[in-house]
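The structure appears right after this line, and notes come after that.
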Amino acid sequence: LVPFSGLSARKPDALLALIALHEADRRPGKIDVGVGVYRDETDRTPVMRAVKAAEVRLADEQPTKAYLGADGDVQYTALLSDVVFGSHRQEPRRFGLQTPGGTGALRLGAELIAHAAPDTRVWLGAPTWPNHAPIFEEARLKTATHPYFDMASGGIAFDAMIDALGDAAPGDVLLLHGCCHNPTGTQFTLAQWRELANLCNVRGLVPFVDLAYQGLGDGLEEDAAGVRQLLEAVPGALLAYSCDKNFGLYRERVGALWVQASAPGLTELVRGNLLALARSLWSMPPDHGAAIVRTILEDSALVMQWRDELDAMRARINAVRKALAAQHPALDAIAGQRGLFSLLPVDADAVASMRDSHGIYMPANARLNLAGLNARNLVAFAEALRPHIP
Ligand code: PMP
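The opening position of the sequence shown corresponds to residue 5 in UniProt numbering, with each subsequent residue numbered one higher.
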């Protein structure tokens with residue numbers, strides 16, 4: 005047997021390929037609205053000032069780099085749970101731990117589910133973040149798809165979603181974006197969150213919330229309100245969290261996973277399993293990014309600075325949304341959507357043509373990163389888009 009000859013070829017990641025294409029493009033007016041990072045008005049993804057200040061403090065004052073436990077920096081998780089859960093922070097049925105990014109949280113949650121019940125099916129919306137299906141499938145879980153987005157209205161196809169979930173079986177997992185849906189920018193209303201909680205309770209489904217953009221939609225509290233309401237209403241749930249967007253820490257890989265068990269006695273069992281699984285996956289998560297977040301959250305002046313910077317990011321994204329929506333009636337819905345992304349009402353041919361003719365870089369599904377637009381390129385972008393809008 006030839007080592008590794010049993011492997012089958014895999015498609016390269018489309019977004020990473022897009023980055024390379026954009027890099028290679030020498031046209032001065034090229035526009036990157038593909039890569040999923042925040043960009044300021046000058047097209048940069050700066051390190052937040054609160055983050056820099058925390059890093060300076062860490063460099064001066066960090067006493068050791070000795071190992072932590074498999075749960076990472078427990079003070080980070082405790083302080084972050086105030087941000088995520090607000091007045092709901094005290095919940096004895098819940099256990100949380102630091103993970104390598106939101107991706108690590110999703111994968112660890114998937115492994116926990118696979119160990120608890122290997123035949124579990126995970127329901128994903130169409131569309132969703134392209135990494136969701138691989139994360140669950142690599143953990144040997146089955147995935148199923150329900151309708152999610154209605155391109156005609158730019159809103160959630162909520163009735164069709166609920167209808168499709170009529171086929172879900174007790175114990176199935178329902179993946180939900182906490183806010184700022186990637187790629188559509190849609191969000192559930194509080195009434196819809198209530199209906200989803202009811203559905204989970206009636207059908208015995210376990211919600212797995214992916215909260216990767218808290219603070220980038222309508223505000224830190226607003227963006228978590230639906231999730232908090234859901235968690236209150238259901239017995240068991242998982243929540244994967246990412247600090248990589250709202251602290252601008254992308255490559256530092258900062259996340260957390262919380263699991264809510266359906267009875268206080270189960271929490272200890274969940275905790276032991278999560279620690280054992282984390283130990284075999286990454287032993288312990290990388291420290292630096294979480295230490296930055298902890299250092300900020302420990303200091304009220306740094307918290308204020310971080311919140312101001314986050315407010316400015318959000319305000320800029322929402323201003324770009326309004327400005328782009330004003331360019332064409334078919335783009336109206338974009339003003340009401342939230343977060344970094346919206347799906348444009350054009351097809352893959354249009355995306356390719358905009359790239360060839362104008363140096364505009366978007367994935368084939370026409371997912372637009374609003375933060376790639378600014379006062380200098382927004383009108384040019386809209387002009388290039390206009391002929392393709394049906
Ligand atoms: N969930 C969603 C919906 C995302 O968009 C992302 C990042 N693109 C993640 C999870 C993963 O975040 P992280 O970079 O922290 O792994």
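Every residue gets a Cβ at the ideal spot worked out from N, C-alpha and C, and that includes glycine. These figures come from a predicted structure and were not determined experimentally.
Quick check on this structure: which residue in the options has the alpha carbon closest to the alpha carbon of residue i?
i      : options                           : result
His185 : Ala130, Glu199 and Glu236         : Ala130
Ala120 : Leu278, Phe192, Asp222 and Ala370 : Leu278
Met358 : Leu374, Gln331, Glu387 and Ile338 : Glu387
Ala228 : Tyr80, Gln218 and Asp214          : Gln218
Tyr254 : Val51, Arg30 and Ala148           : Val51
Asp303 : Arg30, Leu84, Leu19 and Phe8      : Leu84
Ala114 : Asp351, Pro138, Leu235 and Ala82  : Pro138
Ser284 : Val37, Leu22, Asp29 and Ala74     : Ala74
Gly276 : Ala379, Ala319 and Leu116         : Leu116
Pro333 : Asp312, Ala379 and Pro394         : Pro394
Pro268 : Thr49, Val87, Glu95 and Ala13     : Glu95
Ile338 : Ala70, His26, Pro187 and Glu65    : Pro187
Gly106 : Ala260, Arg144 and Asp171         : Ala260
Met317 : Ala21, Gly223, Leu5 and Ser91     : Gly223
Lys146 : Trp127, Trp286, Leu281 and Ala327 : Trp127
Arg325 : Arg31, Val383 and Tyr245          : Val383
His136 : Met155, Ala28 and Arg111          : Arg111
Leu328 : Asn381, Asp351 and Ala282         : Asn381
Leu62  : Gln79, Leu314, His292 and Ala352  : His292
Phe192 : Gly175, Glu226 and Asn205         : Glu226
Ala216 : Tyr245, Val307 and Val206         : Tyr245
Tyr71  : Val350, Ser361, Pro290 and Val307 : Pro290
Ala305 : Ala58, Ala201, Ile166 and Lys34   : Ala58
Give me whichever residues DSSP pairs with residue i in a beta bridge.
i      : result
Arg207 : Looking at the DSSP assignment, Arg207 forms no beta bridge with any residue, so it has no partner.
His181 : Asp214
Tyr245 : Leu215 and Ala260
Gly100 : Trp262
Leu347 : Arg371
Asp154 : Gly159
Gly76  : Gly73
Ile364 : Ile35
Looking at the structure shown, is residue i part of a helix, part of a strand, or coil, going by DSSP?
i      : result
Gln341 : coil
Ala217 : Checking the sequence shown, residue 217 turns out to be Tyr, not Ala. Three-state DSSP puts Tyr217 in coil, outside helix and strand.
Trp127 : strand
Leu110 : helix
Gly175 : coil
Glu148 : Looking at the sequence shown, residue 148 is not Glu but Ala. Strand.
Tyr71  : coil
Ser85  : helix
Ile393 : coil
Tyr42  : coil
Asp29  : coil
Arg303 : Just to set this straight, residue 303 is Asp in the shown sequence, not Arg. Note: Asp303 maps to coil in three-state DSSP.
Asp36  : strand
Met358 : helix
Ser9   : coil
Val238 : coil
Phe140 : helix
Give me the Cβ distance between residue i and residue j, rounded to the nearest whole Å; I'm assuming they're in contact under 8 Å.
i      : j      : result
Phe153 : Leu178 : Contact doesn't hold; Cβ gap of about 16 Å is too wide.
Gly376 : Arg43  : 6 Å
Arg125 : Ala173 : 7 Å
His150 : Leu180 : Not a contact, Cβ separation roughly 11 Å.
Asp86  : Ala295 : With 8 Å as the limit, Asp86 and Ala295 do not qualify as a contact, their Cβ atoms being about 17 Å apart.
Gly182 : Gly230 : 7 Å
Asp47  : Asn378 : 6 Å
Asn369 : Leu347 : 7 Å
Glu313 : His92  : Rounded, the Cβ-Cβ distance is 25 Å, inconsistent with contact.
Gly100 : Trp262 : 4 Å
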